[in-house]
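Numbering of the sequence shown is given in the numbering used here, commencing with residue 2 and proceeding in unit increments. By construction, the Cβ of each residue, glycine as well, lies at the ideal position given by its N, Cα and C atoms. Have a look at the structure below, then the notes.
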Amino acid sequence: MIMQGKPMSRLALATLALLLAGPAVAAAPSPTETPSGAPSLAAPAPATSPTAQAPGVLLDRIVAVVNDGAVTQSELDERMAQVIADLARNNTPAPAADVLRRAVLDRLIMDEIQWQRAQRIGIEVSDEMVNRQLAQLAQANGLTLAQLPEALAEQGINFTLFRENMRRDLARQILRRREVLNRVSITPRELEQFMERLKKLPDEQAEYNFSHILVAVPTEPTQEDFERAARRAQEVYERAATDDFSQLAVEYSDSQTALEGGQMGWRRGPDLPTLLAETIATLRPGEVSRPIRAANGYHIVKLNEVRSGASGDEMQEQIHARHILLTPNALQDDATVRQRLADIRQRVLAGEDFAAFASSLSEDPASAVEGGDLDWQSPDSMVPEFAAVMRQLADGEISEPFQTQFGWHIVQVLGRRQVDATEENLRQRAFEQLQTMKADQDLELWLRRLRDESYVEILVN
């Protein structure tokens, strides 16, 4: 079974966890990708209102020029406060102020670079997509969507800014999926071999909470680069015997989880990164691994906790569906694509052939050749937006156009069934992990290339 090109497979990439960026906004991981528990509404102390400033006091300044944009002092200060508050909630000592400021500023610069690129290539995030994300966030915190603005206001968070920054982060997620994840290719042979490896890895029912530090090498590393990284990784490993691992991660890690203290959260055995799985399985809680060499540098892992999960059958609902995917581009924006799909839907309802439209127009190559047919799929294997729409449809019903990270869709549900999905679940996990492994390395290279191609001038020490 060739799974390349199936656009709705959900990727649990820690490096792609949703981090709401920008002023006056608390970090809020995506409910579907959160590393450790439900998304939090906790926020840093609100920034001082400009109206409270004394006359003549500088209200803001630019701390970094990023192409034709900028990062301001207020953004840096507020993100610093947010990160410090997050570290305190996790009982993680904050590193030296200059070290933390440098790491936070670098994150803000990379966020700005990605946001600019998303705008440049025409990525838009619909209100419906933002609303679904907000609803998931509210539900995870025991609230309704209507209660969310008031809950945020009680913590000094402006809901309008919160919503806009969620829109920007979703745009960055779409950008990363389009330019990194969708280009990952997996052959049937790779998939079968990897499934065999997974069967030998840690207990499928056990869950592992771990943290991670990456000491990276350059894009095209030399032997000297690896030797330098090895020495630095060894130094970090030795310090981990006495120093706080989370603080070391903030200070030394080149991973996207550095500002979270390297925390990767709870993962079931089959969902552990394959590069680290065998090592994690040998550790006892509290132990730190020796540096593990990989193509992108050296990895150090700390196992925090282990808990056993309840075993049980793997009976699950599967839905047979077909869809049409259209992607916005320079010639057709989101509104145009959405209207095209709405017109197609009306023509199908009037009697024209769904499969014919999918074959000739759909931009999902894997399903287009099958008339848009996705075969039988578990909704849990789809991205949340797609799964939510599928679950709501009656058999035979065709959805209104809706947006995911991959573009705009209409979907028709053809049937439902309950199946023993043990082997299929293993195949899906294998595919997602292989995709994650390849994408992790590609993502680091892609981010470095974006930074290298951008004009960045830091105006503060």
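| Query | Result |
| --- | --- |
| Cβ shell of residue 405 (< 6 Å), same chain only, five flanking positions each side left out | 384, 386 and 387 |
| Whole alpha helix (DSSP H) elements within the segment 374-415, 4-residue minimum | 385-393 |
| Status (buried if at least 16 other CB within 10 Å, exposed otherwise) for residue 253 | buried |
| 6 Å CB neighbourhood of residue 453 in its chain, flanking five on each side removed | none |
| Same chain only: Cβ atoms within 6 Å of residue 96, ignoring 5 sequence neighbours per side | 248, 251 and 252 |
| Residue interval of the alpha helix (DSSP H) (run including residue 362) | 355-362 |
| Inter-residue CB distance, residue 420 and residue 322 (contact presumed, cutoff 8 Å) | Their Cβ separation, rounded to whole angstroms, is 15 Å, which puts residue 420 and residue 322 out of contact at 8 Å. |
| Validate contact between the segment 65-83 and the segment 105-113 using beta carbons, cut 8 Å, 3 pairs | yes |
| Residue span of the alpha helix (DSSP H) that contains residue 251, given as start and end | 246-253 |
| The segment 334-346 / the segment 373-384 touching (three or more Cβ pairs under 8 Å) | no |
| Secondary structure, alpha helix (DSSP H): runs of 4+ residues fully inside the segment 253-304 | 275-283 |
| Residue 331 - containing beta strand (DSSP E), residue span | Note, residue 331: premise wrong, no beta strand (DSSP E); not H, not E. |
| C-beta contact flag for residue 192 and residue 435 at 9 Å | yes |
| Spatial neighbours of residue 267 in its chain, beta-carbon cut-off 6 Å, leaving aside the 5 residues before and after | 208 and 210 |
| Delimiting residues of the alpha helix (DSSP H) encompassing residue 146 | Here residue 146 belongs to no alpha helix (DSSP H), and DSSP marks it neither H nor E. |
| Where residue 308 falls: helix, strand or coil (DSSP) | strand |
| C-alpha gap between residue 281 and residue 243, whole angstroms | 20 Å |
| According to DSSP, residues forming a beta bridge with residue 459 | 65 |
| Any beta strand (DSSP E) of 3 or more consecutive residues that is wholly inside the segment 157-244 | 208-217 |
| Residue 145 classed as buried or exposed, judged by whether at least 16 other C-beta atoms fall within 10 angstroms | exposed |
| Counterpart residues of residue 316 in DSSP-defined beta bridges | 421 |
| Buried or exposed by the 16-neighbour rule on C-beta atoms within 10 Å, applied to residue 299 | buried |
| Residues of its chain near residue 330, where Cβ-Cβ distance is below 7 Å and the 5 sequence neighbours each way are ignored | 123 |
| Reduced DSSP category for residue 72 - H, G, I as helix; E, B as strand; rest coil | strand |
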